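Residue numbers (the numbering used here): 1253 to 1672.
Here the structure comes first, spelled out in structure tokens, and everything after it is commentary.
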Ligand SMILES: Nc1ncnc2c1ncn2[C@@H]1O[C@H](COP(=O)(O)OP(=O)(O)OP(=O)(O)O)[C@@H](O)[C@H]1O
Ligand SMILES: [Mg+2]
């Protein structure tokens, strides 16, 4: 029998970035491999977003090359060495390496044999880990991240970046609704961050005041500790916090990408789920933010401009993140009367991605919700749109809600509806 998916009741506390999703700190890593496949796996891990702060150098030559290189030289924070040898020979080679290795340097040994004795002996001699090749990039990231994570540290949150393929596609509305649903129905503490500084609608959509929150944080990210963050966030209910944008034009918003990164990092230190409402546009900070997120959601309307833009964004994100799942596609405002549309199936086929949600054009529901300062699931919990949003939240979190109605096909609401 298939195992039941985890439910809200059983797994709320453990939500956050998975071990392989935690970024590795700013450390130097040198690797000396024997075989090209190990070198390739290391390079692939090194190009990953989670290792973007670390500095990785890979060269061939194995343990002997490392010994030669470091005789009289300072060793890096982390040394990864591959050995062709096994048993006593491998230990002998690694003992010679230990003589030139600074005590503070951590060492990961890569071997070809699955030998428990060798593993134990290496651990006893102070190695941090013994990995058996062939290596998987994600496994490497997880092991490296584990070596540098303070065991007492609270887990960090998962970052979901939501962006529109074109202006007005509904990405802000979708991001606010999924943030609300994850917080209220899945009971996962969530912060929605409005990154549309000049025109953001988090304040409006939740009937809360817009504030200088995000803009102040971006202006001085180094000051952003827990106390300040707590002051800048607006609480809405037990599980949801809002980081609103000023939505004012008096000041310029020209923070550098590193400031955005620092603010998002600070938020994920305190919240298990972080939803980023990213404005439509293309700036270095938007590109960086999308590439660094744990999940990317692209909201597209079923027209040619969205099709082209979504395809470009999806390809860029996929190419830059070969170790990650592809972005999730949400096709929104489907079935607008009198508007010729690209059918959702064709749209999805062109993207090469199954849509995570298809959301009907429902101006009455969305308009009413906006006017009330409510989310559509609050206003109409049983509407097909609400079901589609819940399904998206379930896909993003891996959790189910009490209101889930099984797993009907994504395309099911289109049945009986003629597509253009
Ligand atoms: N499925 C839908 N049916 C009807 N109206 C919708 C739907 N989705 C969004 N809208 C409406 O479309 C308008 C634009 O939505 P929203 O502000 O979320 O778009 P956006 O992609 O964030 O735009 P921007 O490019 O300005 O950031 C809003 O008035 C919203 O209520
Ligand atoms: Mg928006």
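Glycine included, each C-beta is placed from N, C-alpha and C at the ideal position.
Owing to the predicted nature of the structure, the values given are computational and were not obtained by experimental measurement.
With a threshold of 7 Å on Cβ separation, who are the neighbours of residue 1513 within its own chain once the five nearest residues in sequence on each side are excluded? 1540, 1544
Tell me whether residue 1451 is buried or exposed, calling it buried when 16 or more other Cβ atoms sit within 10 Å of its Cβ. exposed
Since residue 1315 and residue 1283 should fall inside the 8 Å C-beta cutoff, what is the C-beta to C-beta distance between them, to a whole number of angstroms? Actually they are not in contact, since the Cβ atoms of residue 1315 and residue 1283 sit about 11 Å apart, beyond 8 Å.
Buried/exposed call for residue 1669, threshold 16 Cβ in 10 Å: Because residue 1669 sits at a pLDDT of 45, beneath the cut-off of 50, its placement in the model cannot be relied upon, and the point is left open.
Let me see if you follow: with CB-CB separation under 8 Å, is residue 1519 close to chain D or not? Absent from the structure: chain D. Only one protein chain is present.
Flag residue 1507 as yes when its Cβ comes closer than 7 Å to any non-hydrogen atom of ligand 1, and as no otherwise. no
Is the closest heavy atom of ligand 1 to the C-beta of residue 1551 under 7 Å? yes
Residues sharing a beta bridge with residue 1495, DSSP: 1445
For ligand 3, I want to know if residue 1558 counts as a neighbour, meaning its beta carbon is within less than 7 Å of at least one of the ligand's heavy atoms. Absence of ligand 3 from the depicted structure is noted, with ligand 1 and ligand 2 being the only ligands included.
For residue 1264, the three-state DSSP class (helix, strand or coil): Unreliable placement is indicated for residue 1264, whose pLDDT of 45 sits below 50; the coordinate value is still reported in the next sentence. Note: residue 1264 maps to helix in three-state DSSP.
What does residue 1282 pair with, by DSSP beta-bridge criteria? 1309, 1331
Roughly how many whole angstroms lie between the Cα atoms of residue 1441 and residue 1642? Going by the C-alpha atoms only, they are around 16 Å apart.
Cβ neighbour criterion (16 or more within 10 Å) applied to residue 1556: exposed
Under the DSSP definition of a beta bridge, which residues are partnered with residue 1549? Beta-bridge pairing links residue 1549 to 1414, 1580.
Inter-residue spacing [alpha-carbon to alpha-carbon] between residue 1596 and residue 1558: Their Cα atoms are separated by approximately 12 Å.
Straight-line gap, residue 1372 to residue 1412 (C-alpha atoms, nearest Å): 40 Å
Assumed close pair residue 1395, residue 1360 - CB separation to whole angstroms, cut-off 8 Å: Rounded, the Cβ-Cβ distance is 7 Å, consistent with contact.
To which residues of the same chain is residue 1623 closer than 6 Å at the C-beta, ignoring the five residues directly before and after it? none
Should residue 1546 go down as buried or exposed, given a rule of 16 or more other Cβ atoms within 10 Å for buried? Around the CB of residue 1546, 16 or more other CB atoms lie within 10 Å, so the residue is classed as buried.
Can you have a look at residue 1335 and say buried or exposed, based on whether 16 or more other CB atoms are within 10 angstroms of its CB? buried
Going by the C-beta, is residue 1425 closer than 7 Å to any heavy atom of ligand 1? Ligand 1 approaches residue 1425 closely enough that one of its heavy atoms is under 7 Å from the residue's Cβ.
Have a look at residue 1254 and residue 1645 and give me their C-alpha separation to the nearest angstrom. Because the pLDDT of residue 1254 is 45, which lies under 50, any placement of that residue in the model is unreliable, and the number read from its coordinates should be weighed accordingly. Their backbone Cα atoms lie some 21 Å apart in a straight line.
Any beta strand (DSSP E) of 3 or more consecutive residues that is wholly inside the stretch 1359-1433: 1381-1384, 1410-1416
May I ask whether a heavy atom of ligand 2 can be found less than 7 Å away from the beta carbon of residue 1416? yes
Could you check if residue 1541 belongs to the surroundings of ligand 1, using beta carbon to heavy atom distance under 7 Å? Taking 7 Å as the cut-off, the C-beta of residue 1541 does not count as close to any heavy atom of ligand 1.
If distances are taken between C-alpha atoms only, which option among 1503, 1527, 1603, 1615 comes closest to residue 1432? 1527
Go through its chain and collect everything with a Cβ distance to residue 1474's Cβ below 8 Å, but skip five positions before and after it. Excluding positions up to five away in sequence, the list reads 1514.
Measure the alpha-carbon distance for residue 1550 versus residue 1416 and round it to whole angstroms. It is roughly 6 Å from the alpha-carbon of residue 1550 to the alpha-carbon of residue 1416.
Continuous alpha helix (DSSP H) stretch holding residue 1352: start and end: 1339-1352
Between residue 1584 and ligand 1, is the CB less than 7 Å from at least one heavy atom? yes
Entirely within the stretch 1626-1653 and at least 4 residues each: give me those alpha helix (DSSP H) ranges in chain order. Whole alpha helix (DSSP H) segments, 4+ residues: 1628-1631, 1636-1649.
Quick check on residue 1276: does DSSP put it in helix, strand or coil? coil
Between residue 1530 and residue 1455, what straight-line distance do the alpha-carbon atoms span, to the nearest angstrom? 15 Å
Which residue wins for smallest C-alpha separation from residue 1585, given the options 1407, 1616, 1422, 1268? 1422
Endpoints, the alpha helix (DSSP H) within which residue 1515 is located: Per DSSP, the continuous alpha helix (DSSP H) segment holding residue 1515 begins and ends at 1509-1522.
Where does residue 1271 sit, in a helix, a strand or coil, going by DSSP? Residue 1271 carries a helical assignment under DSSP once its states are collapsed to helix, strand and coil.
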